[in-house]
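S.K.: Please find one structure pasted underneath; my questions will follow.
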Amino acid sequence: MLEALISSKTRIRLLLRFFLNPDSSAYLRGLAEEFSESTNSVRLELNRFEEAGMLNSDFVGNKKVFRANRSYPLFKEVRSILLKYTGLQEVLDQIIEKLGDLKDVYLTGDLALGKDSDVVSLILIGDPDLHYLIQLIKRAEELMPKKIQYLVYSQEEASKMVFDSNHHLLIWHE
142 MLEALISSKT
152 RIRLLLRFFL
162 NPDSSAYLRG
172 LAEEFSESTN
182 SVRLELNRFE
192 EAGMLNSDFV
202 GNKKVFRANR
212 SYPLFKEVRS
222 ILLKYTGLQE
232 VLDQIIEKLG
242 DLKDVYLTGD
252 LALGKDSDVV
262 SLILIGDPDL
272 HYLIQLIKRA
282 EELMPKKIQY
292 LVYSQEEASK
302 MVFDSNHHLL
312 IWHE
C-alpha cells in the first residue's frame, strides 16, 4: 500500500526507522549497513528529508547523526500513517485498550528498528487477562496480515529490566 505512494524502498525504510521510533538516532554508514543499501542512496534520501524539515541532524564527533524532527508540522500524521501501514494501529485499537491492568506496552524487533516485518513483537507490562489476550490476538491477526508475538512481565519484573529506546519503543502507557 505505502509502496504505491512512495516508490523508493530506501525512503520507506527511513520513514519507518525514524517515525516509528522518534527517539532513535542513526548515522549514514550505520543506516546503509542496516538497510544493505549503498551509502549514496541513503545519503540522498537523508538529505531530502532534512531539507524538507522531517529530520534533524547533529554532529557527534565526525559523524552526522540524524533523528526525527518532532516539530515537523506533519509529524503526527506521518507517524499515524506508518502505524496503520505496519498494523500497529490495529494492535493498539483491538488489543491493548481492552486488556485491563496494563501499565506499558513496548514494540520490539524489526518494527521497533524501523524495518518492515511480518511480525509484531510486543512486551506487555502489567497483569492482563491472559486468556482474553490470546483471544484478542487471534482476532487482530485475522484483521491484519501480520503475526503478533508477545511477552508479558509483571511491573516488578519490568522494574529490573532496562529498555533501550533504540530497540524498545514505548507505544502505550497508562
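Under this note's numbering, residues 142 to 315 are what the sequence shown spells out, in order. Glycine residues also receive a C-beta, built at the ideal position from the N, C-alpha and C atoms.
#1: Need the endpoints of the alpha helix (DSSP H) that Ile147 sits in, please.
#2: Counting along the chain, where does the alpha helix (DSSP H) carrying Leu187 start and finish?
#3: Of the residues Lys287, Leu172, Tyr168, Ile266, which one's Cα is nearest the Cα of Lys205?
#4: Taking the DSSP output, what are the residues bridged to Gln290?
#5: Is Val303 helix, strand or coil when you go by DSSP?
#6: Please go through the same chain and pick out, in chain order, the residues whose beta-carbon is closer than 8 Å to the beta-carbon of Asp259, but skip the five residues on each side of it.
#7: What residue from Leu155, Leu223, Glu174, Ile222 has the CA that sits closest to Glu191's CA?
#8: Going by the CB atoms, is the gap between Val246 and Leu277 shorter than 7 Å?
#9: Does DSSP put Tyr168 in a helix, a strand or coil?
#10: Buried or exposed: where does Val201 fall if 16 or more other Cβ atoms within 10 Å of its Cβ makes it buried?
#11: If contacts are defined as beta-carbon pairs under 8 Å, then Gly241 and Pro269 qualify, I think. What distance do you get, rounded to the angstrom?
#12: Considering Cα atoms alone, identify which of Phe160, Arg189, Leu161, Ser165 is closest to Ser149.
#13: With the cut-off set at 7 Å, would you say Ala209 and Phe176 are in Cβ contact?
#14: Candidates Asp164, Pro214, Glu174: which alpha carbon is nearest Ala193's?
M.R.: Once the coordinates are examined:
#1: Counted from its first residue, the sequence shown places residue 147 at position 6. It is not in any alpha helix (DSSP H) - Ile147 carries neither H nor E in the DSSP assignment.
#2: Taking the first residue of the sequence shown as 1, we reach residue 187 at position 46. Element bounds for Leu187: 180–193.
#3: By 1-based counting over the sequence shown, the position of residue 205 is 64. The candidate whose alpha carbon is nearest that of Lys205 is Tyr168.
#4: Within the sequence shown, the letter at position 149 stands for residue 290. According to DSSP, Gln290 bridges with Ser262.
#5: By one-based count along the sequence shown, residue 303 stands at place 162. Of the three classes helix, strand and coil, the one that applies to Val303 here is coil, per DSSP.
#6: Here residue 259 corresponds to residue number 118 of the sequence shown, with the count starting at 1. A distance below 8 Å between beta-carbons, with the five flanking residues on each side excluded, links Asp259 to the following residues of its chain, in chain order: Pro286, Lys287, Lys288.
#7: One-based indexing of the sequence shown puts residue 191 at position 50. When the alpha-carbon of Glu191 is set against those of Leu155, Leu223, Glu174, Ile222, the nearest one is in Leu155.
#8: Taking the first residue of the sequence shown as 1, we reach residue 277 at position 136. Taking the first residue of the sequence shown as 1, we reach residue 246 at position 105. No, the Cβ-Cβ distance between Leu277 and Val246 is not below 7 Å.
#9: Looking up residue 168 in the sequence shown gives position 27. Looking at Tyr168 - three-state DSSP - the assignment turns out to be strand.
#10: Against the sequence shown, residue 201 aligns to sequence position 60. With fewer than 16 other beta carbons inside 10 angstroms of its own, Val201 counts as exposed.
#11: Indexing the sequence shown from 1 puts residue 241 at position 100. Indexing the sequence shown from 1 puts residue 269 at position 128. At roughly 6 Å, the Cβ-Cβ gap stays under 8 Å, so Gly241 and Pro269 are in contact.
#12: To locate residue 149, count along the sequence shown from 1; it is residue 8. Looking at the Cα atoms, Arg189 is the closest of the given residues.
#13: The sequence position of residue 209 within the sequence shown is 68, counting from 1. The sequence position of residue 176 within the sequence shown is 35, counting from 1. Not a contact, by the Cβ cut-off of 7 Å.
#14: Counting from one through the sequence shown, the residue named residue 193 turns up at place 52. Nearest to Ala193 by C-alpha distance, out of Asp164, Pro214, Glu174, is Pro214.
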